[in-house]
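Asks: Number 78 in my numbering belongs to position 35 of the sequence shown; there are no gaps in the numbering.
Each residue gets a CB set at the ideal place from its N, CA and C atoms; glycine is no exception.
Before I ask anything, let me first share the structure, which is written out below as structure tokens.
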Amino acid sequence: MKHLYLVLFFLVCTTSFGQESRSGGDIEGFTLYPNPTTNGKVFINTANNAPKKILIFDVLGTQVLETTILGKELNLSDLDAGVYVLRVLEKDKVATRKLIIK
44 MKHLYLVLFF LVCTTSFGQE SRSGGDIEGF TLYPNPTTNG KVFINTANNA PKKILIFDVL
104 GTQVLETTIL GKELNLSDLD AGVYVLRVLE KDKVATRKLI IK
């Protein structure tokens, strides 16, 4: 049953996030590291280095974190180990990536 929920979640994410990415485009120069992370933080680089709105969803599609970062460092120490969907919005651009926390 869990596998069915997981498949449905990724199907919905792919459809909805993919449509928004096409309209706004992917963020130029987007990099996310380290992924997987073990130290409770990741770094997000972009070509513009503008303020970024961060949304993180668990595998069931529940939003577990919403924040805005001005620099590159994102603190993830409040999240449990697992697989998440990271969504970054910078100006009118969107990038969506899988994030793994060990």
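If you draw a straight line from the C-alpha of E63 to the C-alpha of V137, how long is it?
Replies: Sequence index remark: in the sequence shown, residue 63 carries index 20 (1-based). Sequence index remark: in the sequence shown, residue 137 carries index 94 (1-based). For E63, the predicted structure reports a pLDDT of 43, less than 50, and the residue's modelled location is therefore unreliable. A value from the coordinates is still provided. Computed Cα separation, rounded: 7 Å.
Asks: Can you list, in chain order, the residues of its chain with a C-beta nearer than 8 Å to that of P94? Leave out the 5 residues immediately preceding and following it.
Replies: Locating residue 94 in the sequence shown gives position 51, where the first residue counts as 1. Within the same chain, P94 has close Cβ partners T111, I112, L113, E133.
Asks: So, helix, strand or coil for E116, using DSSP?
Replies: In the sequence shown, the residue the question calls residue 116 occupies position 73. Strand, per DSSP.
Asks: Comparing alpha-carbon positions, which option in D121, N91, L129 lies nearest I97?
Replies: Mapped onto the sequence shown, residue 97 falls at position 54. With distances taken between Cα atoms, I97 lies closest to L129.
Asks: Pick out whichever of D135, V131, G125 has its Cα sitting closest to the Cα of I143.
Replies: As a position in the sequence shown, residue 143 is number 100, starting the count at 1. Taking only the C-alpha atoms, the option nearest I143 is G125.
Asks: Start and end of the beta strand (DSSP E) containing V168?
Replies: This structure gives no information on residue 168, because the portion of the chain shown stretches from 44 to 145.
Asks: Could you check whether the Cβ of K95 sits closer than 8 Å to any heavy atom belonging to the ligand GDP?
Replies: Summarising the ligand content, the structure contains no ligands, and the ligand GDP is consequently not present.
Asks: Please say whether F86 and T74 have beta carbons closer to each other than 9 Å?
Replies: As a working note, residue 74 is residue 31 in the sequence shown. As a working note, residue 86 is residue 43 in the sequence shown. Taking 9 Å as the Cβ cut-off, T74 and F86 qualify as a contacting pair.
Asks: Decide if L117 is buried, meaning its Cβ has at least 16 other Cβ atoms within 10 Å, or exposed.
Replies: By 1-based counting over the sequence shown, the position of residue 117 is 74. It is buried - the Cβ of L117 has at least 16 other Cβ atoms within 10 Å.
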